[in-house]
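Here the structure comes first, spelled out in structure tokens, and everything after it is commentary.
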Amino acid sequence: MKTQIMIGLIGSLFSAGALAHCPMEISVGSESYCLDLQWLEADRKVQGNFEPAGQESPQLIRMGEIPQRWIYSKAHIQIWNKSDSTHEAQQIEGLEIYPYMAMENGHHHGTSFDFLWNEATQSYELSHMGLQAMRGCWSLKWRMAPEQEQSQGKVLMNLVDYKNLSAEENQNFAQFCESAADSSGDNGNHQGGGHHHGPGGN
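Residue numbers for the sequence shown, in the working numbering: 1 to 202.
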């Protein structure tokens, strides 16, 4: 009996370890890939050029903030084949990961961003994201471009942990994102819970 319990515990630990090494997962054709996203220092635009802002991403741009004071969020994303225990970096032709706003009023849309492969780091860089506060939920979605429109992409993760917001404000976003996902039937990687009528951006 003790042996069976020990085997079960070891099996559970191996399962947990496997999940820990695949933070997010996408399927492209017959292949499954793992993704790991790390937020980087955000940027600001100075005389038309992006420069380090000295603030951690993600940053929410408050309603009414003048463009000269906008902070643009930035991240790098590592991708590897799920079956590869060595996590060898993979570049997927046609893949695009991008920010997308699901509005409470149904007028969903994208925003500014750049998504590029960085040969030096063997990872993707998602940068220059202008995440403006609205009555809705920002998420990162993925699609195979140009075959799919942005609206047809799948949710990779909701953005609910803004570094320039309070814990209460972030919880409001988490609740709204979760309720919006429940109502749409989306099966992305959601965070938070409960029901909330769209967070404001004051």
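Virtual Cβ for every residue (Gly too), placed ideally from N, Cα, C. As the structure is a prediction and not an experimental result, all values here were calculated from the model.
For the options Met134, Leu159, Ser30, the alpha carbon positioned closest to that of Gly64 is the one of Met134. Of the residues Ala102, Phe50, Glu31, Ser73, the one whose Cα lies closest to the Cα of Gln91 is Glu31. When Cβ pairs closer than 8 Å are counted between the two stretches, the region 159-172 is seen not to touch the region 103-112, the count staying below three. Comparing C-alpha distances from Asn170 to each of Asn49, Glu149, Pro58, Ala53 shows the shortest one belongs to Pro58. Residue pairing for Cys22: DSSP places it in no beta bridge. In the structure shown, Glu104 adopts coil according to DSSP, grouped into three states.
Rounded to whole angstroms, the gap between the alpha carbons of Glu149 and Ala102 is 15 Å. In the three-state DSSP reduction, Pro67 falls in the helix class (H, G or I). In chain order, Tyr33, Leu35, Gln90 place their CB closer than 6 Å to the CB of Ile79, counting only its own chain and leaving out the 5 sequence neighbours on each side.
Of the other Cβ atoms in all chains shown, fewer than 16 fall within 10 Å of the Cβ of Leu116; this residue is therefore exposed. In the DSSP assignment, Phe115 falls within the beta strand (DSSP E) that extends over 114-118.
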